[in-house]
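Residue numbers (the working numbering), protein chains in the order written: chain C, 11 to 103; chain L, 233 to 346; chain P, 2 to 255; chain V, 4 to 611.
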Amino acid sequence: MLILQIAILAFVAITGTAVVLTRDPRNQVIGLGFYGLVLALMFFLYEAPDVALSQIVIGAVALPLMFMLSLSKIRRNEQKRDEVKQKQREKAA
Amino acid sequence: MSIFPYLVAAWLFLVGLYGVISSRNFVHIAMCLAVVQSSTYVLLLAIGYKTGGVPPIFAGAQVGTPAVDPIVQALMLTDIVVEATVVALLLALAVQIQKAAGTVNPDRLLELQG
Amino acid sequence: MNRSRRHILFFVSAAVFFGLMTWAMHDLPPVGHYRGPYGDAINATVVYERHITDAVTAVNFDYRGFDTLGEESILFLSVIGVGTLLRQQKRERKSREDTDELEKGQAPEPSEAMKVITLGLVGPLVVYGIYIITHGQLTPGGGFQGGVVLATAPLLVYLAGDLKTFKRITTHTLVEIGEAIGIFGFLMIGFLGIIAGKEFLRNVLPLGQTGSIFSGGTVALLDIATGLAVAGGFISAIYAFLEQTIEMRMEGEE
Amino acid sequence: MHTLVPLPVAIPLGVAAILGALNGHVPRRIADAACILATVAVGAITLDLMVISRHVPIVYWFGGWTVRAGMAIGISFVIDPIGAGLASFVCVLVLAAFIFSLHYFESVGTMFHVLMLGFLAAMCGFCLTGDLFNMFVFFELMSAAAFALCGYKNEEPSAQQGALNFAITNTIGAFMVLIGIALLYSRTGALNMAQIGRALSNQMDATIIVAFVMIMCGFYVKAAAVPFHFWLADAHAVAPTPVCILFSGVMVELGVYAVARVYWAIMDGPFAAHRPALSGLLLTVGAITAVVGAIMCFGQRHIKRLLAFSTISHVGLLIIAFALLTPDGLAGGAIYTLGHGMVKAALFIVSGILLHRFGTVDEYHLHGRGRPHLGTALVFFAAGLGLAGMPPFGTFLGEHTIERAAELAHQSWIDVIFFFAGAITAAAVFRVTARVFFGWGPKHDEFSGGGKHISEQRETKHSGQGIPAVMFVPAAVLVLLALAIGIMPHVHQEARVAAFTMADHAGYQARVLDGTKLPDAKPEVEYSPLAESLARSLGATGAALGIAFLTLAPWYPRKNKAYRPIRSAMQVLRNFHTGHVGDYVAFLTFGVAAFGVVLGLLIKRFGF
Numbered sequence: 011m012l013i014l015q016i017a018i019l020a021f022v023a024i025t026g027t028a029v030v031l032t033r034d035p036r037n038q039v040i041g042l043g044f045y046g047l048v049l050a051l052m053f054f055l056y057e058a059p060d061v062a063l064s065q066i067v068i069g070a071v072a073l074p075l076m077f078m079l080s081l082s083k084i085r086r087n088e089q090k091r092d093e094v095k096q097k098q099r100e101k102a103a
Numbered sequence: 233m234s235i236f237p238y239l240v241a242a243w244l245f246l247v248g249l250y251g252v253i254s255s256r257n258f259v260h261i262a263m264c265l266a267v268v269q270s271s272t273y274v275l276l277l278a279i280g281y282k283t284g285g286v287p288p289i290f291a292g293a294q295v296g297t298p299a300v301d302p303i304v305q306a307l308m309l310t311d312i313v314v315e316a317t318v319v320a321l322l323l324a325l326a327v328q329i330q331k332a333a334g335t336v337n338p339d340r341l342l343e344l345q346g
Numbered sequence: 002m003n004r005s006r007r008h009i010l011f012f013v014s015a016a017v018f019f020g021l022m023t024w025a026m027h028d029l030p031p032v033g034h035y036r037g038p039y040g041d042a043i044n045a046t047v048v049y050e051r052h053i054t055d056a057v058t059a060v061n062f063d064y065r066g067f068d069t070l071g072e073e074s075i076l077f078l079s080v081i082g083v084g085t086l087l088r089q090q091k092r093e094r095k096s097r098e099d100t101d102e103l104e105k106g107q108a109p110e111p112s113e114a115m116k117v118i119t120l121g122l123v124g125p126l127v128v129y130g131i132y133i134i135t136h137g138q139l140t141p142g143g144g145f146q147g148g149v150v151l152a153t154a155p156l157l158v159y160l161a162g163d164l165k166t167f168k169r170i171t172t173h174t175l176v177e178i179g180e181a182i183g184i185f186g187f188l189m190i191g192f193l194g195i196i197a198g199k200e201f202l203r204n205v206l207p208l209g210q211t212g213s214i215f216s217g218g219t220v221a222l223l224d225i226a227t228g229l230a231v232a233g234g235f236i237s238a239i240y241a242f243l244e245q246t247i248e249m250r251m252e253g254e255e
Numbered sequence: 004m005h006t007l008v009p010l011p012v013a014i015p016l017g018v019a020a021i022l023g024a025l026n027g028h029v030p031r032r033i034a035d036a037a038c039i040l041a042t043v044a045v046g047a048i049t050l051d052l053m054v055i056s057r058h059v060p061i062v063y064w065f066g067g068w069t070v071r072a073g074m075a076i077g078i079s080f081v082i083d084p085i086g087a088g089l090a091s092f093v094c095v096l097v098l099a100a101f102i103f104s105l106h107y108f109e110s111v112g113t114m115f116h117v118l119m120l121g122f123l124a125a126m127c128g129f130c131l132t133g134d135l136f137n138m139f140v141f142f143e144l145m146s147a148a149a150f151a152l153c154g155y156k157n158e159e160p161s162a163q164q165g166a167l168n169f170a171i172t173n174t175i176g177a178f179m180v181l182i183g184i185a186l187l188y189s190r191t192g193a194l195n196m197a198q199i200g201r202a203l204s205n206q207m208d209a210t211i212i213v214a215f216v217m218i219m220c221g222f223y224v225k226a227a228a229v230p231f232h233f234w235l236a237d238a239h240a241v242a243p244t245p246v247c248i249l250f251s252g253v254m255v256e257l258g259v260y261a262v263a264r265v266y267w268a269i270m271d272g273p274f275a276a277h278r279p280a281l282s283g284l285l286l287t288v289g290a291i292t293a294v295v296g297a298i299m300c301f302g303q304r305h306i307k308r309l310l311a312f313s314t315i316s317h318v319g320l321l322i323i324a325f326a327l328l329t330p331d332g333l334a335g336g337a338i339y340t341l342g343h344g345m346v347k348a349a350l351f352i353v354s355g356i357l358l359h360r361f362g363t364v365d366e367y368h369l370h371g372r373g374r375p376h377l378g379t380a381l382v383f384f385a386a387g388l389g390l391a392g393m394p395p396f397g398t399f400l401g402e403h404t405i406e407r408a409a410e411l412a413h414q415s416w417i418d419v420i421f422f423f424a425g426a427i428t429a430a431a432v433f434r435v436t437a438r439v440f441f442g443w444g445p446k447h448d449e450f451s452g453g454g455k456h457i458s459e460q461r462e463t464k465h466s467g468q469g470i471p472a473v474m475f476v477p478a479a480v481l482v483l484l485a486l487a488i489g490i491m492p493h494v495h496q497e498a499r500v501a502a503f504t505m506a507d508h509a510g511y512q513a514r515v516l517d518g519t520k521l522p523d524a525k526p527e528v529e530y531s532p533l534a535e536s537l538a539r540s541l542g543a544t545g546a547a548l549g550i551a552f553l554t555l556a557p558w559y560p561r562k563n564k565a566y567r568p569i570r571s572a573m574q575v576l577r578n579f580h581t582g583h584v585g586d587y588v589a590f591l592t593f594g595v596a597a598f599g600v601v602l603g604l605l606i607k608r609f610g611f
């Protein structure tokens, strides 16, 4: 048990670091969802099932979903912007 | 084991902050703040833990088993809600700033200087 | 400040910060040696005093119920806040075309089998959410966790490609009313205590038999109110983002 | 038992829930009326609680979970005159904000009202609570409402950026508070402030130092102490006017209040033997904050941003008041909070009027355009006098009390800081008055180039030439109230009684945990010589008028080389205010590290 607990902590530290260091937000969302699951596992191993349950529903489902939706909105807007710029450039040419 | 979880908490806090200061995207910053917040989970969890303890749920548990602290767990539940709400607000702001300024990169926003 | 100066400032400060935290931790009790007394006192008396077997739920909805009122209000306000921030701008308009048509451009149409499976999951998910909410006093879970589970059910409808039904069950008014009833209900249950001549949020209802879903007096009711507020809150937050992605268009866009 | 106690939180939340449910189906005016009624009700209740708590201590245990064998089981509200008084002051400003916003731009349904009511509930709960974690919950509630309100103008890029900077830095601050709470919980197993204080008693070690540093820095992010202050100018410059009234008038000051509360309830025992260390550190921080804020204030052309920096400067003075660590300092701080809050709220209302009338708050663009509005000019000028601390404004009484406390604590040098902050911030306000309302001076000057032109969305439907009474009257009333505080008899004495109650470390614990009564012994009325403060404040007012005049006077050689050092010093300071959230967070980390190291070294190494 003890070894598991230490291992999961180390894993939490590593995953958290990886989430921060992932620079592309789309990949980062996937990392964040995974990180949420790892945290939930940690809560289970430290005898906190209530917290683990809410971590699963929030950290691994609701949050990544909100991130994904807003990223796709932002990306779409940026694409539109680029298209408009492209057209202007073509016109100028 | 004696202080390792505390160190992990401090590490997560600082790594998250590093993400915030070096970020070029407000959405990325929101995710880094989620990591910063997870440091408080680790800290609270470690504080309330008892070696060999059982979860604080007493359906059919024999009397006298030491259970871990339920208070910190209740605090963590609140903490998780706070995380979700803060992230939602930050994302809404990020979406809006993209519409208004055309970018989510803090490096490119120069209006509030001086 | 340019980038490299910012990094230098941060790294030096962060090293010092880490040192401070390590310094502080040597005077803390080592991990695994929780010394109490707060948590131990609750653990020792909760079943006897409150007829509740999940101590965390008892803390959340009874001993420290006032914190939970604050927590639900945080959720409520930030959902209102998200709605305020993402409200339609003057330059924006909602897409008038049939939204199902629009949606086809966004994501691949799910296959029939996929649709059946996703829609089939909605029922069990709702049941599971209600189960978690109502069994908060007994087993892990409660209004909060169950509420979020409930909030994901309409999303499955959306994933199945049935945008019309999704919109029908998540109209703003309906969801916001659910959410507000949750908060308002929480307050009203709190006032029960005052009506009984005691304190706000006093658990004045009969405690029931330990182990039944009606145990815990007001805790069961607060659980349900919280479940409503959380479910409503998360649906409207997610819906606000969905609306942005699917429907909102800037003027001049195709 | 006091049935009224939960109402300051419950009423606004209840009304907010109803308005939220009926969003879009309630006529605007009914929503306005409901909000104003709720605010008045809460104000009356908190005022009542303040009066009661002067004689009888009020400790209210939610859910009826009273103390059991010296251990708090539930959450308590512990009401003393300072907490309740602050809460009723919150109501005054919220009321002013609601009245001002009667004429406010087409808000979406009633969302603005819901957010404001939530903000009100959060601030009241924050003032009244006696539980550390509950304080954190209300802190977050306050933040959630504040972030959304700050970004309310959702088509302005600068508004969204300001709100993001605000949200990110303050969220990190909240996490630091939570870490501090967790450390204290680990040591004492308690969340009730009185119980933590009793459990810590006189112990002093690394954990306690770091826990206090974390809590203090977290709350000082909200209070905008240097180097955590950057967000404030951004957020205030872009937030809607009614929101600015609350941000500057009271929310920022609540950060200082929170640290004072935590110190006197919990930390006075551990720090009893180390007061010089803490006091010295905080006095320095307060002085730096006051000076930096004042200089930056003078260097702005965007009126709301100018006022924001002046708030930073005055919060520095408040931190100094607390840093004396004496009840007298606290009393002065309390009076000063009232006086300054009202004056600052009036100033922001006038900036809102300018925005309504002319669609801009840029000093250069407004040059001379305010000429027809003499009444407004008078309010703005009078509020400027209040900022300078001219008698008989409430700010003068506050400053005088603080200076007297400092003299008793052998820290008379702070008079210089008070002079400087008062003179420079008031000079900036006078300069704006003269330029905007009288068209004095050139359109541009050498000093006030800070902040490029920040685009500003109109908040109101532009209508006609006049200024609506609902906008002008609140400003005038607030200035009169600020005068009243300075003139009313007994204010000083009552503030001292209240401060002695709040600063009674052992008494607080006894009231909460043992249920004892307040001691009958009241602090004796002391003779306080006015002459020195009078000279100082009149001097500051005079200096402010002089500086404003010199900046605008046509014959004055503004290009003179003698100004170069001042200009370059201002430029150096300005360069730190980049609007970049990464910089802000880096400075925040630096601030926490520096606070921790200095306090740790002073106490553990040099034995202060």
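Quick reminder that beta carbons are idealized off the backbone N, C-alpha and C, glycines included.
The Cβ atoms of residue 598 of chain V and residue 288 of chain V sit closer than 9 angstroms to each other.
Cβ contact annotation for residue 180 of chain V (same chain, cutoff 6 angstroms, sequence separation greater than five): 139, 218, 221, in chain order. Here residue 315 of chain L is buried. Its C-beta has 16 or more other C-beta atoms within 10 Å. The three-state reading of DSSP puts residue 214 of chain P in coil, since its state is none of H, G, I, E or B. Remark: fewer than three beta-carbon pairs, one from each stretch, lie closer than 8 angstroms, so the stretch 491-500 of chain V and the stretch 234-252 of chain V are not flagged as touching. Residues of chain C whose Cβ lies closer than 8 angstroms to the Cβ of residue 245 of chain P are, in chain order, 79, 80, 83.
Counting the other CB atoms within 10 Å of its CB gives residue 80 of chain C a total of 16 or more, which places it among the buried residues. Burial state of residue 49 of chain P is exposed, judged by a 10 Å Cβ sphere holding fewer than 16 other Cβ atoms.
With a beta-carbon spacing of about 24 angstroms, residue 150 of chain V and residue 276 of chain L fall beyond the 8 angstroms limit used to define contacts.
Looking from the CA of residue 262 of chain L, the closest CA among L:345, L:332, L:327 belongs to L:327. Proximity of the stretch 184-198 of chain P to the stretch 145-163 of chain P falls short of the contact definition, fewer than three beta-carbon pairs being nearer than 8 angstroms.
Residues of chain P whose Cβ lies closer than 9 angstroms to the Cβ of residue 254 of chain L are, in chain order, 4, 7, 8, 11.
The way I'd put it, the stretch 228-245 of chain P does touch the stretch 174-184 of chain P; three or more beta-carbon pairs between them come closer than 8 angstroms.
For residue 327 of chain V, the closest of V:210, V:234, V:343, V:266 by C-alpha to C-alpha distance is V:266. Per DSSP, residue 363 of chain V has no beta-bridge partner at all. Counting only unbroken stretches of 4 or more residues, the alpha helix (DSSP H) elements lying wholly within the stretch 475-547 of chain V are 494-505, 508-512, in sequence order. Proximity of residue 346 of chain L to chain V, defined by a Cβ-Cβ separation below 9 angstroms, is satisfied. Per the C-alpha coordinates, the member of V:302, V:74, V:18, V:315 positioned closest to residue 571 of chain V is V:302. Counting only the Cα atoms, residue 228 of chain P lies some 22 angstroms from residue 65 of chain V.
Between residue 336 of chain L and residue 259 of chain L, the C-beta gap is smaller than 9 angstroms, which places the two residues in contact. The C-beta of residue 338 of chain L comes closer than 9 angstroms to at least one C-beta of chain V. With a cutoff of 9 angstroms on beta-carbon distance, residue 309 of chain V and residue 435 of chain V are scored as near each other. Where residue 79 of chain V is concerned, the enclosing beta strand (DSSP E) starts and stops at 79-82. Flagged as an interface residue toward chain P: residue 76 of chain C, by a C-beta distance shorter than 9 angstroms. Against residue 141 of chain P, the close residues of chain C are 59, 60, 62, 63, in the order they occur along the chain (beta-carbon pairs closer than 8 angstroms). In the structure shown, residue 33 of chain P falls within a strand segment according to DSSP collapsed to helix, strand and coil. Among the residues of the stretch 300-318 of chain L, those with a Cβ less than 7 angstroms away from any Cβ of chain C are 300, 305, 308, 309, 312, 316, in the order of the chain. Listed along chain P, the residues sitting closer than 7 angstroms to residue 234 of chain L by beta-carbon distance are 31, 32. With a threshold of 9 angstroms between beta carbons, residue 279 of chain L makes contact with chain V. Around residue 501 of chain V, the same chain offers 57, 83, 84, 85, 88, 334, 337 as residues with beta carbons nearer than 8 angstroms, after the five sequence neighbours per side are excluded.
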